[in-house]
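S.K.:
Residue numbers (the working numbering): 9 to 402.
So, in structure tokens, the structure goes:
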């Protein structure tokens, strides 16, 4: 059943196709009033200016590191000759995922606000599917790059026997390293810019000029919103790409090493397993996206329940599909391996629920923290630190 591997590039294409469909649907919506269009344009131009400057610096870093890897590979022969190219493609696609996410967010912001003025359901669907553009782009580019690199290395790597798959998977890990390097710059650089713009805008606006927070009359507010896009969207996109690809690549390398004594066919199945599970997960996640909707007159609680339902439904479907995929691949101890995947999914759901409990205004911890502010800043700082520490227990 190793033919299941071809589900991976197929799922990647499907993910990118739906990302394009959701993007086109979003672009057909109205941006609202002239003022909304004007502010959105300022934010969009600022975000592009920042990203252009950041990518110039990151490109220099990648060229230097690629030359270093090339010297190790071709000069000293201590690296696989494909390592420099894998490193560059990882960084390129990580940056591309972040760019697509930021581009979508800057176009969707005014459209979402305008849709929300009509109804909460309209705003929810537009915002969620706009966000899905980046999510599907991340997984689509990730699976496409992973599958292409596997096929290329499988054709060109000269090693034979069980060692061939070990060589292929360890070389592909360098692709993950490139994605991680790009994510580091995008996340940290974007985060610093975001916080600097946020604090600067608040100081100038609220403290010096007496203007409310996020007031468009304050020019620094535009920089603040630009920072939100480059840090929380572009940075997050690159970070998600790195995490997604890294988890798949690490598992394939583990499968190649752990099953090295079980025969080449079983070793190959172990390498394909995480890729195929991820591919099936993409399709099931798209199904989950279409379940996120609520009534026109719904409030915030129903909105959150709708989001939770879509996420939990996808998790349940993926858990069930994992058993089927590993059974079809006839992985050694497939039940135990499937259960480990389910445990990981459950851990993710529990952590998400725990985070919501400790941070949402609907629950007791946040309400008590707000009440503590009545006795002064010292109390709320101490209570906040304590609450943050308790929240990490899960």
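The beta carbon of each residue, even a glycine, is placed where N, CA and C say it ideally should be.
Measuring CB to CB, does residue 206 end up less than 8 Å from residue 235?
M.R.: yes
S.K.: At the level of alpha carbons, what is the spacing between residue 320 and residue 357?
M.R.: 8 Å
S.K.: To the nearest angstrom, report how far apart residue 260 and residue 55 are at their CA atoms.
M.R.: Going from the Cα of residue 260 to the Cα of residue 55 covers about 36 Å.
S.K.: Is residue 188 helix, strand or coil by DSSP?
M.R.: helix
S.K.: Report yes if the CB atom of residue 324 is closer than 8 Å to the CB atom of residue 147, and no otherwise.
M.R.: no
S.K.: Please confirm if the segment 150 to 158 is in contact with the segment 292 to 300, defined as three or more CB-CB distances below 8 Å between the two stretches.
M.R.: With fewer than three CB-CB distances shorter than 8 Å, the segment 150 to 158 does not count as touching the segment 292 to 300.
S.K.: Does DSSP classify residue 90 as helix, strand or coil?
M.R.: coil
S.K.: Ends of the alpha helix (DSSP H) at residue 401?
M.R.: Premise fails: residue 401 is in no alpha helix (DSSP H) and is neither H nor E.
S.K.: Can you name the start and end residues of the alpha helix (DSSP H) that residue 346 belongs to?
M.R.: 342 to 367
S.K.: Touching or not, the segment 176 to 191 and the segment 96 to 106, by the rule of three or more beta carbon pairs under 8 Å?
M.R.: Between the segment 176 to 191 and the segment 96 to 106, the count of Cβ pairs shorter than 8 Å is three or higher; the stretches touch.
S.K.: Cutting at 8 Å between CB atoms, please list the residues of its own chain near residue 377, excluding the five before and the five after it.
M.R.: The beta carbon of residue 377 lies closer than 8 Å to those of 388, 391, 392, 395 in the same chain, with the five residues before and after it left out.
S.K.: Buried or exposed: where does residue 344 fall if 16 or more other Cβ atoms within 10 Å of its Cβ makes it buried?
M.R.: Residue environment analysis places residue 344 among the exposed positions, since fewer than 16 neighbouring C-beta atoms fall within 10 angstroms of its C-beta.
S.K.: For the ligand NAP, is there any heavy atom lying closer than 7 Å to the beta carbon of residue 290?
M.R.: Ligands are entirely absent from the displayed structure, and the ligand NAP is therefore not among its contents.
S.K.: Can you give me the start and stop residues for the alpha helix (DSSP H) that residue 247 sits inside?
M.R.: 244 to 266
S.K.: Measuring only the C-alpha atoms, how far is residue 196 from residue 317?
M.R.: Rounded to the nearest whole angstrom, the CA to CA distance from residue 196 to residue 317 is 32 Å.
S.K.: Could you have a look at residue 219 and say whether DSSP puts it in helix, strand or coil?
M.R.: coil
S.K.: Considering only their Cβ atoms, is the gap separating residue 237 from residue 34 smaller than 8 Å?
M.R.: Result no, Cβ atoms of residue 34 and residue 237 do not sit closer than 8 Å.
S.K.: Cα separation between residue 366 and residue 201?
M.R.: 27 Å
S.K.: Go ahead and pull the three-state DSSP assignment for residue 167.
M.R.: coil
S.K.: By how many angstroms is the C-alpha of residue 250 removed from the C-alpha of residue 128?
M.R.: 33 Å
S.K.: List the whole-angstrom C-beta distance separating residue 309 from residue 370, where the pair is believed to meet the contact cut-off of C-beta under 8 Å.
M.R.: Rounded, the Cβ-Cβ distance is 7 Å, consistent with contact.
S.K.: Is DSSP giving residue 50 helix, strand or coil here?
M.R.: helix
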